[in-house]
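Numbering (my numbering), first residue to last: 9 to 518.
Following this line, the structure appears as structure tokens:
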């Protein structure tokens with residue numbers, strides 16, 4: 009994007025909170041949700057973004073013919089789609105592609121027709137979401153500061169809207185002071201597990217980063233609880249909503265209970281309701297919906313995966329509060345309501361404290377992988393790595409392949425030799441730091457640098473006679489460069505860990 013300001017434009021610095029694809033008056037738009045330097049929410053709009061996919065061939069003549077053929081098919085059907093010949097790479101080797109630029113709503117239909125003509129394996133990047141494509145193309149990331157050249161359009165419900173003309177990432181580390189709110193919900197059931205079709209919300213507790221507490225219970229009426237919940241969130245206007253099992257239980261439960269009373273659960277910015285999105289997580293418009301349960305699941309030291317165990321792990325005190333098993337919530341509501349109210353309030357407070365302790369790690373993970381904060385923990389480690397690799401691939405002109413379903417052959421892994429006694433004295437254990445990545449970086453081992461006989465002449469090649477392959481040395485491999493950067497970040501983390509004592513919350517988080 010062009011970053012030269014025009015007279016009517018301003019330079020807007022903001023911290024990228026989230027991104028969404030929106031349809032306004034039949035036009036697909038990108039909305040970049042941000043927090044500006046003063047801590048105010050803003051939305052930067054791009055109306056001109058298209059999406060694309062590729063039809064790839066090894067031979068240039070085949071690509072030229074495919075462009076002509078597909079263009080004729082589309083012309084007969086009265087469609088005007090931009091087709092461009094473009095040289096790309098597939099695992100470092102040149103390929104020739106037809107780049108199909110289109111409106112997001114037409115992507116799946118066009119890629120399906122292209123796959124019917126040329127074969128599914130010729131089609132690349134038609135599975136990349138509209139908003140994800142924008143992040144990749146603009147080289148911007150969530151949880152990071154950016155600078156936009158933009159023109160203010162309007163102010164709607166306290167949010168400034170801007171039309172973007174230019175956008176770039178800034179090298180600023182610290183996030184803004186985010187407005188953080190924790191919430192806890194408890195349900196009452198006379199028989200068995202609580203059912204949203206039948207059983208009411210008994211308690212909702214909210215706690216702000218500044219220490220403000222709100223609590224509502226069934227004595228005031230369930231509809232009143234839900235209305236107050238919505239009103240408090242709208243008034244406090246948090247950037248981050250923290251829950252525990254919010255994605256798996258609470259949002260769907262609260263939506264169903266609100267629907268029962270004809271109440272819109274408008275807890276998102278612009279008075280939007282939560283909706284289930286990618287990976288099963290719930291998206292809350294303009295806010296980070298962070299589920300601590302997703303974070304807890306990844307920590308092997310936390311065995312029972314409860315909020316109480318996470319609190320202990322992070323060094324947060326119970327403050328004399330008695331934990332109540334979820335199966336006993338309804339009994340407690342009848343027999344000892346005060347202790348249940350106190351317990352729910354403690355849970356909401358702990359959610360804020362826990363997020364403050366882990367936020368540096370979570371926001372850094374989001375910025376590094378390019379995955380928005382609200383579902384970076386929901387995504388598997390493999391998907392996080394895939395997302396990071398996709399971004400790097402795009403910078404080098406590599407085609408991004410689709411995940412393939414079906415059988416993948418297993419492999420035996422690296423061969424570990426048994427130690428030979430007597431070579432060294434006073435040594436109990438010999439280990440290598442990042443052995444396989446180190447070898448790959450040292451010898452430039454990457455799918456795009458591996459060649460088989462007959463080896464190309466005039467190349468600097470490391471021959472591995474045991475497996476009859478060679479490794480190109482002159483050109484740095486795609487995965488080699490990625491591994492090198494990841495190893496550097498890992499070493500930076502190791503050095504930071506040395507500043508903290510083992511067992512402390514900071515050490516555990518790193």
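All residues carry an ideal CB built from backbone N, CA and C; glycine is no exception. Remember, it's a predicted structure, so these values are computed and weren't measured experimentally.
Got a sec? Which residues, its chain only, sit under 6 Å from residue i by beta carbon, not counting five neighbours each side?
| i | result |
| --- | --- |
| residue 197 | 207, 338 |
| residue 68 | 104 |
| residue 241 | 275 |
| residue 237 | 212 |
| residue 443 | none |
| residue 151 | 371, 374, 375, 381 |
| residue 149 | 375, 378 |
| residue 456 | 99, 100, 485, 486 |
| residue 123 | 131 |
| residue 254 | 299 |
| residue 297 | 249, 290, 382 |
| residue 390 | none |
| residue 259 | 282, 290 |
| residue 284 | 290 |
| residue 352 | 192, 194, 211, 213 |
| residue 460 | 477 |
| residue 499 | none |
| residue 269 | 231 |
Per DSSP, what are the beta-bridge partners of residue i in this structure?
| i | result |
| --- | --- |
| residue 108 | 61, 91 |
| residue 436 | Answer is none; residue 436 lacks a bridge partner. |
| residue 225 | 211 |
| residue 191 | 214 |
| residue 299 | 251 |
| residue 31 | 36 |
| residue 20 | 156 |
Quick one: is residue i near chain D, going by C-beta distance under 8 Å?
| i | result |
| --- | --- |
| residue 71 | Within the model displayed, chain D is absent; a lone protein chain is all it includes. |
Taking a contact to mean a Cβ-Cβ separation below 8 Å, would you say residue i touches residue j in this structure?
| i | j | result |
| --- | --- | --- |
| residue 204 | residue 23 | no |
| residue 40 | residue 55 | no |
| residue 348 | residue 194 | yes |
| residue 411 | residue 132 | no |
| residue 321 | residue 307 | yes |
| residue 155 | residue 364 | no |
| residue 38 | residue 27 | yes |
| residue 138 | residue 42 | no |
| residue 271 | residue 231 | yes |
| residue 93 | residue 81 | no |
| residue 172 | residue 53 | yes |
| residue 202 | residue 341 | no |
| residue 479 | residue 458 | yes |
| residue 153 | residue 118 | no |
| residue 175 | residue 146 | yes |
Identify, in the order they occur along the chain, each residue of the same chain with its Cβ nearer than 7 Å to the Cβ of residue i, setting aside the five sequence neighbours on each side.
| i | result |
| --- | --- |
| residue 246 | 187, 188, 189, 295 |
| residue 492 | 449 |
| residue 361 | 324 |
| residue 304 | 310, 313, 318 |
| residue 350 | 329 |
| residue 66 | 103 |
| residue 405 | 96, 97 |
| residue 47 | 184, 185 |
| residue 445 | 491, 495 |
| residue 71 | 65, 93, 104, 105, 106 |
| residue 397 | 490 |
| residue 470 | 451, 478, 479, 481 |
Contact check, residue i vs residue j under 8 Å by CB: the rounded distance?
| i | j | result |
| --- | --- | --- |
| residue 134 | residue 355 | About 44 Å; that fails the 8 Å criterion. |
| residue 315 | residue 384 | Their Cβ separation, rounded to whole angstroms, is 20 Å, which puts residue 315 and residue 384 out of contact at 8 Å. |
| residue 144 | residue 402 | 5 Å |
| residue 301 | residue 335 | The pair is not a contact, with the Cβ atoms about 17 Å apart (cut-off 8 Å). |
| residue 142 | residue 74 | Going by Cβ atoms, the distance from residue 142 to residue 74 rounds to 27 Å, so no, they are not a contact pair. |
| residue 273 | residue 262 | 6 Å |
| residue 159 | residue 16 | 5 Å |
Given 7 Å as the limit, tell me if residue i has its C-beta closer than that to any heavy atom belonging to the ligand MN.
| i | result |
| --- | --- |
| residue 119 | Judged by which ligands are present, the structure shown has none, so any question about the ligand MN falls away. |
I'd like the list of long-range same chain contacts for residue i, defined as Cβ closer than 8 Å, with 5 residues on each side in sequence excluded.
| i | result |
| --- | --- |
| residue 116 | 134 |
| residue 510 | none |
| residue 332 | 340, 347, 348, 351 |
| residue 488 | 448, 449, 452, 453, 454, 457 |
Do the stretch 220-234 and the stretch 153-170 touch if we need at least three Cβ pairs shorter than 8 Å? Judged by Cβ distances under 8 Å, the stretch 220-234 makes no contact with the stretch 153-170, as fewer than three pairs qualify.
Validate contact between the stretch 474-485 and the stretch 84-92 using beta carbons, cut 8 Å, 3 pairs: no
Three or more C-beta pairs under 8 Å: does that hold for the stretch 57-76 against the stretch 106-125? yes
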